[in-house]
Amino acid sequence: MPNEEVTPFKTDALMPDEHGLAKGLVRIHLVISRGVGVARQRSHAYASGEPAEPSVTAGFAEYLRALVSVLHGHHTAEDEVTFPALRDRFPDAPWDLLLEEHRAVVPVLADLEGHAARIRQQPSPDTWASAAETLDRLAALWATHYQREEAYFTVPVLARLVPQDEQAGLVAKMAAHSQQHTGPDYLVVPFLLYNLDGDERRRMAALFPPVVTEQLVPIVWQEKWSAMKPFLLAQD
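Each number in my numbering comes from the position in the sequence shown (counting from 1) with 6 added on.
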């Protein structure tokens, strides 16, 4: 049986442009953007009286938990790996503003953790309404932030200023750093994979060893993350 606690990202085979830094940035932004959008839409629906079975409620709480973890891990990796590596290459980028936007998200994520815990117990209409309001705040902060990043760190600009092998190394370092600051893996990895589809999912999956995508996620961990399925894209 594979070790459930060890899910290292692959650090080789990251040279093609599809695994370059700009496209990797867009890919994780797609994951987070869908997560924020789904959580926001569902919380508003439940706050408006749409019924949620206990199993769905539990799945939503786990989905929120994974969203908080992935966004925290992504920002931490940027703060400690990517931004320091790129700062000298992009002297005109709004580094202080980007970092301040990261800091502004921290208390919102803490609020969402609290909402997830209350939803997991026995949510009231007030609980759903508070979660919806917090997700509205997060959606506004997130949209402004990721669009700013993508406007500065484009594929052509990065290709001109950062060699491809260095980009690949940064992607691998970011992935490893994010893994250290996210969890549990049995929620985070399905969240990363199944908030994407098509080629983007395949490219995300390529960052993991085959044991993760072929055994741990679909078999070993399946029971632990299956409650999130109503909020994820099809797993076929």
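Quick reminder that beta carbons are idealized off the backbone N, C-alpha and C, glycines included.
### Task
For the alpha helix (DSSP H) holding residue 114, just list the boundary residues, first then last.
Within the sequence shown, numbered from 1, the residue matching residue 114 stands at position 108. Per DSSP, residue 114 belongs to the alpha helix (DSSP H) from 101-127.
### Query
Would a C-beta distance cut-off of 8 Å place residue 118 and residue 74 closer than the cut-off?
Your numbering for residue 118 matches position 112 in the sequence shown. Your numbering for residue 74 matches position 68 in the sequence shown. Yes, these two residues count as a Cβ contact at 8 Å.
### Query
Which residues in the same chain as residue 86 place their Cβ atom closer than 7 Å to its Cβ, once the five residues preceding and following it in sequence are excluded?
Residue 86 sits at position 80 when you count from the first residue of the sequence shown. 183.
### Task
Starting from the C-beta of residue 100, find all residues in its chain whose C-beta is less than 8 Å away, skip the five residues before and the five after it, and write them out in chain order.
Locating residue 100 in the sequence shown gives position 94, counting from the first residue. 154, 158, listed in sequence order.
### Limits of the unbroken alpha helix (DSSP H) element including residue 86
Within the sequence shown, the letter at position 80 stands for residue 86. Note, residue 86: premise wrong, no alpha helix (DSSP H); not H, not E.
### Message
Rounded to whole angstroms, what is the Cα-Cα separation between residue 173 and residue 28?
### Response
As a working note, residue 173 is residue 167 in the sequence shown. As a working note, residue 28 is residue 22 in the sequence shown. Rounded to whole angstroms, residue 173 to residue 28 spans 9 Å at the Cα level.
#### Entry: For residue 32 and residue 156, believed in contact at Cβ under 8 Å, the rounded distance
Within the sequence shown, the letter at position 150 stands for residue 156. Within the sequence shown, the letter at position 26 stands for residue 32. At roughly 6 Å, the Cβ-Cβ gap stays under 8 Å, so residue 156 and residue 32 are in contact.
#### Entry: Alpha carbon of residue 51 to alpha carbon of residue 45, nearest angstrom
Locating residue 51 in the sequence shown gives position 45, where the first residue counts as 1. Locating residue 45 in the sequence shown gives position 39, where the first residue counts as 1. Near 10 Å, if we compare the C-alpha coordinates of residue 45 and residue 51.
### Query
Of all the options 47, 36, 81, which has the alpha carbon lying nearest to the alpha carbon of residue 186?
Here residue 186 is taken as the residue at index 180 of the sequence shown, counted from 1. Selected option, being the one with the closest Cα: 81.
### Message
Whole angstroms are fine: how far does the CA of residue 97 sit from the CA of residue 166?
### Response
In the sequence shown, the residue the question calls residue 166 occupies position 160. In the sequence shown, the residue the question calls residue 97 occupies position 91. Between residue 166 and residue 97, the C-alpha separation is close to 15 Å.
### Query
When we look at the beta-carbon of residue 136 and count the other beta-carbons within 10 Å, is it buried (16 or more) or exposed?
For the purposes of this step, residue 136 is taken as the residue at position 130 of the sequence shown. By the 10 Å Cβ count, residue 136 comes out buried.
### Task
Have a look at residue 190 and residue 114 and give me their C-alpha separation to the nearest angstrom.
Counting from 1 along the sequence shown, the entry for residue 190 is found at position 184. Counting from 1 along the sequence shown, the entry for residue 114 is found at position 108. Approximately 20 Å between the Cα atoms of the pair.
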